[in-house]
Amino acid sequence: MEHADQESVTPPLVCGRLGLISSLDTAEALVAGQPMAGEVGLAWQEVTRELPPFHWVIIPPQPSAVALKQFRDIQRQGIDSYLVTEGENRNAISLGLFESREAAISVLEEKKRQNLNAVLANFPRNQISYALVFKAEPDLVKDVVQAVKTDYGADFDFVEINPC
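The sequence shown stops at residue 166 when you use my numbering, and every number in between is there.
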């Protein structure tokens, strides 16, 4: 007599990702507050988003002594400025960061009229946010997403559900 075992077939897990969450404290609290966190391996991950660069009005890097002397002269004239002390623009003099290109060009033209050798440069910037990640059986995914959304009290920028 043949014996046919009925094996229960476990559906493949799906991976979920919910974001963006602006603070690490909030991401950690959401993970800690979920009763099913351990069951689905709920965790947070850092997400870096590139934002449009700022427009930077600077006097390009110069030898240290020259930059320091010019910086002091500019400060004495009452011009808001900062000496860059590290990185690839070390010994440059910052005259302002602007989201608006038009505002940056306006300041650049003003500085040139003041006989400052200023130029416009891009200043890259990134934003660090957080996403929640988990693995669950397909039937459980909606429950996990809904529970986290309820705790978060707002909509997420994205909800991704994909095969693992």
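Quick reminder that beta carbons are idealized off the backbone N, C-alpha and C, glycines included. Please read all numbers here as calculations on a predicted model, not as lab measurements.
Paired residues, beta bridge with residue i - DSSP
| i | result |
| --- | --- |
| residue 131 | 49 |
| residue 56 | 125 |
| residue 86 | Residue 86 pairs with nothing; no bridge assigned. |
| residue 138 | 16 |
| residue 99 | 58 |
| residue 23 | 132 |
Alpha carbon of residue i to alpha carbon of residue j, nearest angstrom
| i | j | result |
| --- | --- | --- |
| residue 159 | residue 142 | 21 Å |
| residue 156 | residue 36 | 16 Å |
| residue 15 | residue 27 | 28 Å |
| residue 151 | residue 89 | 41 Å |
| residue 110 | residue 132 | 36 Å |
| residue 96 | residue 67 | 16 Å |
| residue 125 | residue 145 | 42 Å |
| residue 23 | residue 92 | 34 Å |
Simplified DSSP state of residue i, which is helix, strand or coil
| i | result |
| --- | --- |
| residue 163 | strand |
| residue 126 | strand |
| residue 110 | helix |
| residue 44 | coil |
| residue 76 | helix |
| residue 153 | helix |
Under 8 Å, with one C-beta from each stretch per pair, do the region 60-69 and the region 116-128 reach the 3-pair mark? yes
Counting pairs of beta carbons, one from the region 37-44 and one from the region 127-147, are three or more of them closer than 8 Å? yes
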